[in-house]
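Per the numbering used here, the sequence shown starts with residue 1, numbered consecutively.
Note that CB positions come from ideal geometry on N, CA and C, so glycine has one too.
Bear in mind that the values here come from a model prediction, so they are computed numbers and not experimental data.
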Amino acid sequence: MSQPSVEPQTQAASTAATGAAAGKEAPAGIDPRGPRFGAAISAVLLLTVVALSLAGADPAALIGLAAISALFAWGAFAGIQRHPYGVLFRTFVRPRLAAPTEWEDPRPPTFAQGVGFVVTAIGVVLGLLAIPAAVGIAAAAAFIAAFLNAVFGYCIGCQLYVLLLRLRG
1 MSQPSVEPQT QAASTAATGA AAGKEAPAGI DPRGPRFGAA ISAVLLLTVV ALSLAGADPA
61 ALIGLAAISA LFAWGAFAGI QRHPYGVLFR TFVRPRLAAP TEWEDPRPPT FAQGVGFVVT
121 AIGVVLGLLA IPAAVGIAAA AAFIAAFLNA VFGYCIGCQL YVLLLRLRG
């Protein structure tokens with residue numbers, strides 16, 4: 001299925017606020033289940049890093065967090081539509097689901113990928129500086145955000161995006 005060229009109005013706070021606050025037409029919408037699918041994968045990977053960190057497998061935890069950080073960077077800089085999890089969702093999951101009832105602006109989830117990148121990159125840098133607890137703490141913080149998005153549909157990074165747009169005026 002192809003996405004519509006103009007995003008329909010939705011009740012999602014991020015969609016309504018971003019379109020109005022930005023003062024320009026929003027890009028074509030994305031299926032909101034895609035970012036939640038990606039958040040579920042991220043949550044599992046981040047929980048694995050936390051477990052590795054707690055088990056004392058610091059090099060493995062650092063490598064895992066670095067890989068996850070690279071994935072967040074991919075989503076932040078290439079866009080949520082080009083992220084590997086988005087491609088997996090569109091290719092294998094979405095064709096098996098009913099059409100979405102609403103579309104989501106891709107800018108807040110893309111910004112959320114940037115927030116995840118910053119959090120995990122700080123953990124990687126501090127881990128490289130021989131502060132191994134930072135890896136587990138950064139992974140745990142990112143896990144909480146990914147878990148909230150995957151399970152409850154609450155995207156902390158998306159909410160930050162909307163808040164920053166409102167503050168900007």
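Is any non-hydrogen atom of the ligand ZN found closer than 7 Å to the C-beta of residue 62, if you look at the structure I gave you?
This structure lacks the ligand ZN; in fact it carries no ligand of any kind.
Notebook entry, point to check: For residue 167 and chain C, any beta-carbon pair shorter than 8 Å?
Noted result: Protein chains in the displayed structure number just one, and chain C is not present.
Is it buried or exposed, residue 144, if we count other Cβ atoms within 10 angstroms and call 16 or more buried? exposed
Check: For the 8 Å Cβ check, are there 3 or more pairs between the stretch 88 to 97 and the stretch 117 to 133?
Finding: no
- Length at least 4, wholly inside the stretch 47 to 131: the alpha helix (DSSP H) runs in chain order: 58 to 78, 84 to 88 and 107 to 128
Review point. Are the beta-carbon atoms of residue 120 and residue 69 separated by less than 8 Å?
Key: yes
Checklist entry - What do you get for residue 166, buried or exposed, if any count of 16 or more other CB atoms within 10 angstroms of its CB means buried? => result exposed
Rounded to whole angstroms, what is the Cα-Cα separation between residue 92 and residue 141? 29 Å
Worksheet entry | Cβ-based burial, residue 164 [other Cβ within 10 Å; buried from 16] | exposed
Close Cβ partners of residue 43 (< 7 Å) along its chain, the five nearest in sequence each way excluded: 143, 146, 147 and 150
_Sequence-distant residues of its chain with Cβ nearer than 8 Å to residue 160 (five each side left out)_ = 111, 112 and 115
Could you pull the DSSP bridge partners for residue 30 from this structure?
104
Span of the alpha helix (DSSP H), counted from its first residue to its last, around residue 161: 156 to 168
Notebook entry, point to check: Which runs of the alpha helix (DSSP H) spanning at least 4 residues fall entirely within the stretch 128 to 152, listed in chain order?
Noted result: 132 to 147
Could you tell me if residue 35 is buried or exposed, where buried requires 16 or more neighbouring beta carbons within 10 angstroms of its beta carbon? buried
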